[in-house]
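Below is one structure, written out as structure tokens; the observations come after it.
In the working numbering, the protein residues as written are 14 to 442.
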């Protein structure tokens with residue numbers, strides 16, 4: 014079965030610890046009940062994957078939520094300032110947000126029509142987006158009443174939380190008084206996504222602060238700053254279906270990144286822009302970022318390598334023997350029918366032929382996979398090795414999986430050695 018669990022909202026450091034403890038408890042409690050807690054992002058093809066919704070907001074040390082629109086013009090100006098900073102941060106550092114959730118397991122999930130795509134965008138809801146457009150253009154905002162929008166003067170209209178939380182396809186959605194980052198994988202620590210969010214927003218707030226502190230007229234400068242930010246970074250705002258093929262095309266036209274795999278995303282860790290960001294705010298030294306990059310690359314390669322070895326072991330010891338066993342039963346049956354007279358054996362012959370052809374094809378693909386693993390040992394450069402595992406080894410794994418899936422559909426249940434989807438999904442009550 015698939016289940017959802019929601020820890021209590023708290024500060025980042027404590028929430029991260031709570032999340033790690035929860036993961037450990039889930040595994041140990043499942044084991045006590047004779048079950049297994051699978052934290053893999055996509056344990057079964059064709060079945061919804063597993064992820065975390067990282068609910069993130071900014072509050073003062075005395076508990077004021079800075080992402081709460083508020084009831085006064087001052088509170089609204091404060092909200093719009095922090096909202097603009099977040100919009101700018103997410104647009105400028107799309108690559109870092111993507112790399113914060115990059116793993117071999119999460120590659121199966123992202124963009125798989127039940128999880129956000131690998132393209133970063135922000136969902137604000139139609140009403141809040143229209144408010145920002147009115148601010149940018151200096152035009153009237155049309156709601157139930159029509160009135161001009163002025164920062165620090167106008168009180169924002171109330172927009173119920175349910176009107177800002179309808180788009181479940183968005184990777185980064187505003188949900189009334191917080192943002193929900195939905196790309197984090199189920200096996201992840203939430204530390205890295207929150208490190209990235211906190212750092213990139215700290216950077217844009219620092220830039221805002223430098224500009225506003227020099228302003229002769231604070232309110233006028235704040236108004237210009239928010240308008241400029243909306244104009245320059247509105248491309249990151251998208252309120253429609255993130256699963257659609259049209260969005261992929263539109264995102265490219267907007268100049269947004271589409272880092273489809275971990276291998277595509279990881280170089281962002283050591284780009285000069287991001288090294289400068291983390292060193293400026295004393296989060297990571299350059300050497301630490303390069304170390305994290307190498308460790309992440311190695312982890313990706315080892316994960317795919319272990320999956321390949323596991324695939325070889327299962328196919329050699331379980332799948333091929335099962336197919337041969339069923340073939341023997343069919344050939345024995347045909348021999349018995351023919352010895353008894355002119356009985357029609359066309360059904361058995363067609364099934365046996367299909368089994369033989371698939372088994373031969375499977376054996377050849379398996380040899381190709383074994384050769385690919387041997388070939389991988391000749392590649393010493395880490396990035397090149399990661400690309401090889403993605404482009405060659407992973408594709409071979411996918412091809413072998415398709416053959417095994419087809420064999421499963423035509424092999425008698427008593428011969429099939431592994432639990433089927435039906436066994437796994439419907440045996441737990």
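Just so you know, even glycine gets a beta-carbon here, dropped at the ideal spot from N, CA and C.
Separation of residue 281 and residue 111 (C-alpha to C-alpha, rounded to the nearest whole angstrom) is 9 angstroms. Counted as a single uninterrupted DSSP element, the beta strand (DSSP E) harbouring residue 66 occupies residues 64-69. CA-to-CA, the gap between residue 290 and residue 203 works out to about 20 angstroms. Excluding the 5 residues flanking it on each side, residue 28 has no same chain C-beta neighbour closer than 6 angstroms. With a cutoff of 7 angstroms on beta-carbon distance, residue 401 and residue 387 are scored as not near each other. Under the three-state reduction of DSSP output, residue 383 falls in the helix class. Straight through space, the alpha carbons of residue 217 and residue 149 are spaced by roughly 19 angstroms.
By the beta-carbon neighbour count (other beta carbons within 10 angstroms, threshold 16), residue 182 is buried. Counting along the chain, residue 186 sits inside the beta strand (DSSP E) bounded by residues 185-187. In the three-state reduction of the DSSP assignment, residue 150 falls in the helix class, which pools H, G and I.
Note on geometry: alpha-carbon atoms of residue 271 and residue 229 lie some 41 angstroms from one another. Per the DSSP secondary-structure output, residue 250 pairs in a beta bridge with 135. Taking residue 196 as reference, the option from 185, 189, 344, 330 with the minimal CA-CA separation is 185.
Per DSSP, residue 274 lies in no alpha helix (DSSP H) and is assigned neither H nor E. Between the alpha carbons of residue 367 and residue 262 lies a gap of roughly 41 angstroms.
Rounded to whole angstroms, residue 339 and residue 346 show a C-alpha spacing of 11 angstroms. Excluding its 5 nearest sequence neighbours in each direction, residue 205 has C-beta neighbours in its own chain below 7 angstroms: 113, listed in chain order.
For the pair of segments examined, the segment 51-63 was found to touch the segment 114-134: the number of CB pairs separated by less than 8 angstroms reaches three. Assignment of beta-bridge partners to residue 259 by DSSP yields no partner.
Bridge pairing for residue 197: 65 [DSSP]. With 16 or more neighbouring CB atoms inside 10 Å of its own CB, residue 403 falls in the buried class. For residue 72, the pairing in a beta bridge is given by DSSP as 78. Within 10 angstroms of the beta-carbon of residue 277 lie 16 or more other beta-carbons, which makes it buried.
Of 383, 426, 370, 283, the smallest CA-CA separation from residue 335 is found for 426. For residue 118, the enclosing alpha helix (DSSP H) starts and ends at 117-122. For residue 190, there is no enclosing alpha helix (DSSP H), as DSSP marks it with neither H nor E. Residue 43 is not a Cβ neighbour of residue 118, given a cutoff of 7 angstroms. Exclusion of the five residues before and after residue 68 leaves 191, 193 as the residues of its chain whose Cβ lies within less than 6 angstroms of its Cβ.
Beyond the five residues adjoining it in sequence on each side, residue 268 comes within less than 7 angstroms, by CB distance, of 248 in the same chain, given in chain order. For residue 53, there is no enclosing alpha helix (DSSP H), as DSSP marks it with neither H nor E. One Cα belongs to residue 312, the other to residue 410, and the distance between them is close to 18 angstroms. Between the alpha carbons of residue 213 and residue 375 lies a distance of about 48 angstroms. One Cα belongs to residue 319, the other to residue 326, and the distance between them is close to 11 angstroms. Within the same chain, Cβ atoms closer than 7 angstroms to the Cβ of residue 49 are found at 43, the five residues on either side in sequence being excluded.
Take the alpha-carbon of residue 47 and the one of residue 432: they are about 16 angstroms apart. With respect to the 7 angstroms criterion, residue 371 and residue 416 are classified as neighbours on the basis of their beta carbons.
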